[in-house]
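Working notes, structure below.
Numbering (this note's numbering), first residue to last: 10 to 336.
Given below as structure tokens:
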């Protein structure tokens with residue numbers, strides 16, 4: 010059964026953390042941050058605003074866009090690395106908040122690739138006829154796991170949420186899913202590229218781990234850059250091979266770093282303006298970045314009707330994946 014994107018929604022917290030604000034916290038400058046990342050500002054959730062709450066707002070906006078009632082949702086998939094609690098799942102919290110009484114739900118943790126992994130999973134459920142209305146949410150409160158004394162990471166990440174409702178194409182009427190993929194390559198060496206070291210069963214929380222700030226993100230910047238550039242270019246190239254570049258209307262990738270986007274486009278021999286980017290105002294929001302960017306591209310009429318739109322994501326694990334739709 011062909012699958013389509015019936016609705017899109019996004020949410021950004023009110024508080025803006027600008028590069029000028031970060032100049033007061035760490036040894037950095039607006040020029041240094043922008044030259045290396047393309048980021049001017051990012052959003053920060055309020056202390057009482059958890060990732061589940063943000064995800065619920067984005068989910069309701071996607072349902073409103075699709076004109077589907079919460080009671081008609083069959084399944085909720087939530088991609089996040091910053092759940093409200095270790096358990097139960099954010100999907101359960103979102104289900105309760107939006108009133109999706111009939112739905113099942115579970116979380117998917119694949120860091121920055123998380124939304125694409127959840128999207129791929131949702132497609133299988135709709136394609137097989139198991140469910141008709143699958144809500145896919147990406148939501149992150151990364152400010153809770155960022156070390157604001159580390160200028161290499163605190164300048165990059167922000168908070169936010171996005172969502173899509175997938176339905177049979179006949180019901181959705183747009184966004185026909187043509188292909189999806191997910192891949193991983195795990196191991197100790199890959200862990201060191203991007204991870205939070207403490208808080209799990211390997212290294213439980215303790216006064217020592219808190220003092221060492223081991224509950225915040227560690228990132229190997231140069232390794233991330235090389236991995237992201239090559240993977241981004243490979244995913245886009247391989248997804249378009251059956252159709253041809255001339256059918257491409259837009260690339261809406263994980264908003265990782267504008268310099269990575271530019272380097273990948275150079276490899277693809279493709280103009281940078283083919284890529285929709287909002288990283289300058291939100292930073293990297295991990296699992297939320299793809300649905301937030303996709304929603305904004307849709308609202309700004311940047312997804313040409315009848316053309317191909319590809320989304321590619323890559324992150325900790327290492328993990329990577331894509332989805333390709335005809336809009």
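Just so it is clear, CB atoms sit at the ideal spot from N, CA and C, and this is done for glycine as well.
| Query | Result |
| --- | --- |
| For residue 68 and residue 103, believed in contact at Cβ under 8 Å, the rounded distance | 6 Å |
| Proximity of residue 296 and residue 162 at Cβ, strictly below 9 Å | no |
| DSSP state of residue 38 mapped onto helix, strand, coil | coil |
| Beta-carbon spacing of residue 112, residue 83 below 9 Å | yes |
| Residues bridged to residue 158 [DSSP beta-bridge criterion] | The partner list for residue 158 (beta bridge, DSSP) is empty, contrary to what the question assumes. |
| Option nearest residue 18 by Cα separation, candidates 71, 52 and 324 | 71 |
| Beta-carbon contacts of residue 34 that lie in its chain and below 8 Å, excluding the five residues immediately before and after | 157, 158 and 163 |
| Identity of the residue in 232, 58 and 264 nearest residue 93 by Cα | 58 |
| Proximity below 9 Å, CB of residue 188 to CB of residue 248 | yes |
| Buried or exposed (CB count within 10 angstroms, at least 16 for buried), residue 255 | exposed |
| At least 3 beta-carbon pairs within less than 8 Å: the region 261-280 vs the region 24-31 | no |
| Neighbour-count burial assignment, residue 131, 16 or more Cβ in a 10 Å radius | buried |
| CA-to-CA distance, residue 273 to residue 198, given in whole angstroms | 24 Å |
| Cross-strand partners of residue 328 (DSSP beta bridge) | 193 and 324 |
| Inter-residue spacing [alpha-carbon to alpha-carbon] between residue 173 and residue 60 | 16 Å |
| Sheet register partners of residue 177 (DSSP bridge) | 12 |
| Reference residue 139; option with closest CA among 200, 11, 45 and 233 | 11 |
| Any C-beta of chain D under 9 Å from that of residue 40 | No chain D appears in the structure shown, which is made up of a single protein chain. |
| Run of the alpha helix (DSSP H) containing residue 27, from where it starts to where it stops | Note, residue 27: premise wrong, no alpha helix (DSSP H); beta strand (DSSP E) at 24-27. |
| Sub-9 Å separation of residue 311 and residue 285 beta-carbons | yes |
| Residues bridged to residue 148 [DSSP beta-bridge criterion] | 170 |
| Option nearest residue 133 by Cα separation, candidates 151, 328 and 176 | 176 |
| Under 9 Å between C-beta atoms of residue 180 and residue 325 | no |
| Proximity below 9 Å, CB of residue 47 to CB of residue 263 | no |
| Rounded straight-line distance, which links the Cα of residue 323 to that of residue 183 | 26 Å |
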